[in-house]
Amino acid sequence: MSVNKVILVGRLGRDPEVRYTSAGQPVANFSMATDETYKDRAGERQKRTEWHKIVVWGKQAEIAQKYLRKGSLIYLEGRIQSREYTDRDQNKRTSFEIVCSNFRMLGGRGDGAGAGAGAGGGGAAAEEPEAAPAAAEEFGHGQEVSDEDIPF
369 MSVNKVILVG RLGRDPEVRY TSAGQPVANF SMATDETYKD RAGERQKRTE WHKIVVWGKQ
429 AEIAQKYLRK GSLIYLEGRI QSREYTDRDQ NKRTSFEIVC SNFRMLGGRG DGAGAGAGAG
489 GGGAAAEEPE AAPAAAEEFG HGQEVSDEDI PF
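Rendered as structure tokens:
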């Protein structure tokens, strides 16, 4: 048995870009950043940002285009997928992306979400993720979480 499941909470690095397949299926692409704060060996506080390529298909792609904007805070579920390609110099490359199965907007209207996108997102997910309400509460609807908020 194997599992390929990703859960991310982060902010969009750019507005979703929607294209359509030859069969008319919408597909949205955008980048998403997740942060990690830690102390280095010298005791200095450091921040590391990880960037993720996100792909969203179908109705959710259109919802993403309509409501998500650069800076929007979202909860996302999906799977990791790799793609191999050959670059201009004929070198083989591998690209990793997250294929989103559902997402939920977090934060309020002033938190980077598009007009009409209130807290929670109202129907942005094809199926409601069980962990999303907990994630929204845990992350304070868009408020920053500091080391002092973590109990360990």
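Using our numbering, the first residue of the sequence shown is number 369, and each one after it goes up by one.
Cβ coordinates follow ideal geometry from the N, Cα and C atoms, glycine included.
Collapsed DSSP secondary structure at residue i in the structure displayed
i: residue 415; result: strand
i: residue 427; result: helix
i: residue 502; result: Caution applies to residue 502, whose pLDDT of 40 falls short of 50 and renders its modelled position unreliable; the value that the coordinates give is listed next. Three-state DSSP puts residue 502 in a helix.
i: residue 432; result: helix
i: residue 494; result: Any reading at residue 494 must be qualified, since the residue scores a pLDDT of 38, below 50, and its modelled position is unreliable; no value is offered.
Residue i to residue j span [Cα, whole Å]
i: residue 497; j: residue 413; result: Per-residue confidence for residue 497 stands at a pLDDT of 36, beneath the threshold of 50, marking its modelled position as unreliable; no derived number is given.
i: residue 449; j: residue 466; result: 6 Å
i: residue 453; j: residue 468; result: 21 Å
i: residue 437; j: residue 407; result: 31 Å
i: residue 457; j: residue 382; result: 28 Å
i: residue 423; j: residue 435; result: 16 Å
i: residue 392; j: residue 441; result: 28 Å
i: residue 430; j: residue 439; result: 18 Å
i: residue 376; j: residue 401; result: 9 Å
i: residue 474; j: residue 378; result: 9 Å
i: residue 369; j: residue 464; result: 22 Å
i: residue 404; j: residue 421; result: 18 Å
i: residue 428; j: residue 411; result: 43 Å
i: residue 409; j: residue 459; result: 38 Å
DSSP bridge partner residues for residue i (one or two, in chain order)
i: residue 386; result: 396
i: residue 441; result: 379, 474
i: residue 449; result: 465
i: residue 406; result: 414
i: residue 421; result: 399
i: residue 374; result: 446
i: residue 460; result: 454
Beta-carbon contacts of residue i that lie in its chain and below 7 Å, excluding the five residues immediately before and after
i: residue 433; result: 384, 386, 396
i: residue 419; result: 381, 399, 401
Assumed close pair residue i, residue j - CB separation to whole angstroms, cut-off 8 Å
i: residue 398; j: residue 443; result: No, residue 398 and residue 443 are not in contact; Cβ-Cβ is about 15 Å, not under 8 Å.
i: residue 455; j: residue 461; result: 5 Å
Closer than 7 Å: residue i CB and nearest the ligand FMN heavy atom
i: residue 448; result: The ligand FMN is not part of this structure, which contains no ligands at all.
Beta-carbon contacts of residue i that lie in its chain and below 6 Å, excluding the five residues immediately before and after
i: residue 425; result: 395
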